[in-house]
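Counting with full-length UniProt numbering, you get residues 1 to 268 for the letters of the sequence shown.
Note that the Cβ used here is the ideal one computed from N, Cα and C, for glycine as well.
From a predicted model like this one, the values you see are computed outputs, not experimental measurements.
Below is one structure; the comments refer to it alone.
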Amino acid sequence: MLFPEGSSYVGSFVDGEFQGKGTLNLCDGAVIEGTFQNGFAVGEANFFLADGSRYKGPVVNSKPQGYGMWVSADRSLLYEGDFSDGKKNGYGILESSDGGTWQGEFKNDQLDGEARFKNKEFSLNGEWKAGKQIGEHKYLDMNGPGYVRFSDDGTILEAKTAEDIKNDRVAMQIFARALKDQKNQSDLRKDKDFCNKLMYQLADFVGSSKHTGCSAQCRSACGNMWDINSKEGDRCERQCRLCWQVLEFEPNDCKSVSPYPMVMPDRI
Numbered sequence: 001m002l003f004p005e006g007s008s009y010v011g012s013f014v015d016g017e018f019q020g021k022g023t024l025n026l027c028d029g030a031v032i033e034g035t036f037q038n039g040f041a042v043g044e045a046n047f048f049l050a051d052g053s054r055y056k057g058p059v060v061n062s063k064p065q066g067y068g069m070w071v072s073a074d075r076s077l078l079y080e081g082d083f084s085d086g087k088k089n090g091y092g093i094l095e096s097s098d099g100g101t102w103q104g105e106f107k108n109d110q111l112d113g114e115a116r117f118k119n120k121e122f123s124l125n126g127e128w129k130a131g132k133q134i135g136e137h138k139y140l141d142m143n144g145p146g147y148v149r150f151s152d153d154g155t156i157l158e159a160k161t162a163e164d165i166k167n168d169r170v171a172m173q174i175f176a177r178a179l180k181d182q183k184n185q186s187d188l189r190k191d192k193d194f195c196n197k198l199m200y201q202l203a204d205f206v207g208s209s210k211h212t213g214c215s216a217q218c219r220s221a222c223g224n225m226w227d228i229n230s231k232e233g234d235r236c237e238r239q240c241r242l243c244w245q246v247l248e249f250e251p252n253d254c255k256s257v258s259p260y261p262m263v264m265p266d267r268i
C-alpha cells in the first residue's frame with residue numbers, strides 16, 4: 001500500500017489499519033519489520049533507521065522499548081541494553097570496534113551516572129553526566145591503580161597512573177633523604193652543596209625513568225623547596241625552577257645547568 005507522502009506498507013490489514021505481520025517503509029528511508037497492532041509496531045521488531053543504524057528488540061507504539069540491540073551505520077559501535085521511548089535509557093553496554101567498552105547507566109542515548117570505560121590498556125570507573133566524565137575516576141592498568149580528575153564539563157584536570165604515583169613518591173623520598181642529611185636546616189639558604197646534591201639526585205632519577213620531563217616526578221619535591229626557601233635571593237628555588245624547565249625538553253641534563261642562573265625563569 002502506498003501513501004501520498006511516500007511511505008509504503010506491505011502486510012496485513014484489519015479495519016483499514018496495520019494489523020499482524022508487515023513491513024513499513026517510511027518516507028525518510030527507515031524500515032520497520034515486525035508485528036503491527038492498531039497501526040503501530042509492537043513486540044519484537046527490526047528497525048533499519050534512516051541514518052543506516054539498526055535496532056533489534058521489543059517495541060511499543062513503533063518505538064524501541066525494553067532490552068534490545070543497536071548497531072551504528074558503520075558497524076563501529078554496538079549497544080546492548082535497556083531502551084525507553086525509543087532511546088538508550090537504563091543499564092547497557094556500548095562496545096566499539098577498536099576494543100573500547102562503556103558499561104553503565106544511560107539516559108537519552110548518553111552515559112549518565114556510574115559507568116566504566118575499558119580498553120586493552122586501561123580502565124576508568126566513575127561518574128558521567130550527559131555523556132561527559134565528571135569528578136574523580138579510578139584508573140587501572142597493568143602497573144596498578146591511579147586516578148583521573150575531570151571538571152564538570154569533562155575536561156581533564158589531573159591524571160596519574162600507578163607509575164606516576166610511584167615516581168612522585170620516589171622524588172619525595174629523595175628530597176626527604178637529602179633534607180635529613182642536612183644537619184642544620186636553617187642553613188639551607190647558604191648551602192650550595194645541598195641544592196646541587198638534591199637537584200642532581202632528582203636529575204638522575206628522571207634520567208633513568210621512561211618519562212619525558214620531570215614535572216610529574218619533581219613537582220612535589222620542588223614545591224617543598226619553595227615552601228622552605230621562600231625569601232628573595234633563594235638559590236635552591238632558582239636552581240629547582242631552572243632544572244624543572246630544562247628537563248621538560250630532552251635530551252637536556254639538569255646537571256649541565258648553572259646552579260645560580262643570571263635570569264630566573266618564571267615559575268612553572
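What separation, rounded to the nearest whole angstrom, lies between the Cα atoms of S12 and F18? Going by the C-alpha atoms only, they are around 6 Å apart.
CB-CB length for A50 against E33, believed under 8 Å: Between A50 and E33 the beta-carbon gap is near 15 Å, outside 8 Å, which marks them as no contact.
Helix, strand or coil: which one does DSSP assign to E163? Here E163 carries a helix assignment [DSSP, helix/strand/coil].
Mind checking which residues open and close the beta strand (DSSP E) that includes A45? According to the DSSP assignment, A45 belongs to the beta strand (DSSP E) that extends over F40 to F48.
Check whether the Cβ atoms of D141 and F117 sit closer than 7 Å, and answer yes or no. Not in contact: D141 and F117 (Cβ atoms no closer than 7 Å).
Nearest-angstrom Cα separation, counted from G57 out to G43: Distance between the alpha carbons of G43 and G57: 8 Å.
CA-to-CA distance, Y9 to C27, given in whole angstroms: Near 11 Å, if we compare the C-alpha coordinates of Y9 and C27.
Could you spell out the range, first to last residue, of the beta strand (DSSP E) harbouring A115? Run containing A115: Q110 to K118, per the beta strand (DSSP E) assignment.
Over what stretch of residues does the beta strand (DSSP E) that includes R54 continue unbroken? R54 to V60 is the span of the beta strand (DSSP E), which, as asked, contains R54.
Have a look at L77, N89 and N119 and flag the residue whose alpha-carbon is nearest the alpha-carbon of L111. Answer by Cα proximity: N89.
Leaving out five residues before and five after L157 in sequence, what residues of the same chain have Cβ atoms less than 7 Å from its Cβ? Only R149, F150 and S151 meet the Cβ criterion.
Would DSSP call Q133 helix, strand or coil? Strand.
Helix, strand or coil at W226 according to DSSP, with G and I counted as helix: Caution applies to W226, whose pLDDT of 42 falls short of 50 and renders its modelled position unreliable; the model cannot decide the point.
For a quick check, are the C-beta atoms of K87 and D109 less than 7 Å apart? It is a contact, given that the beta carbons lie within the stated cut-off.
Measuring only the C-alpha atoms, how far is Q37 from S72? Spanning the two alpha carbons is a distance of roughly 28 Å.
Which residues in the same chain have their Cβ closer than 6 Å to the Cβ of F48, if we skip the five residues on either side of it in sequence? V31 and R54.
Please state the DSSP three-state secondary structure of T23. Strand at T23.
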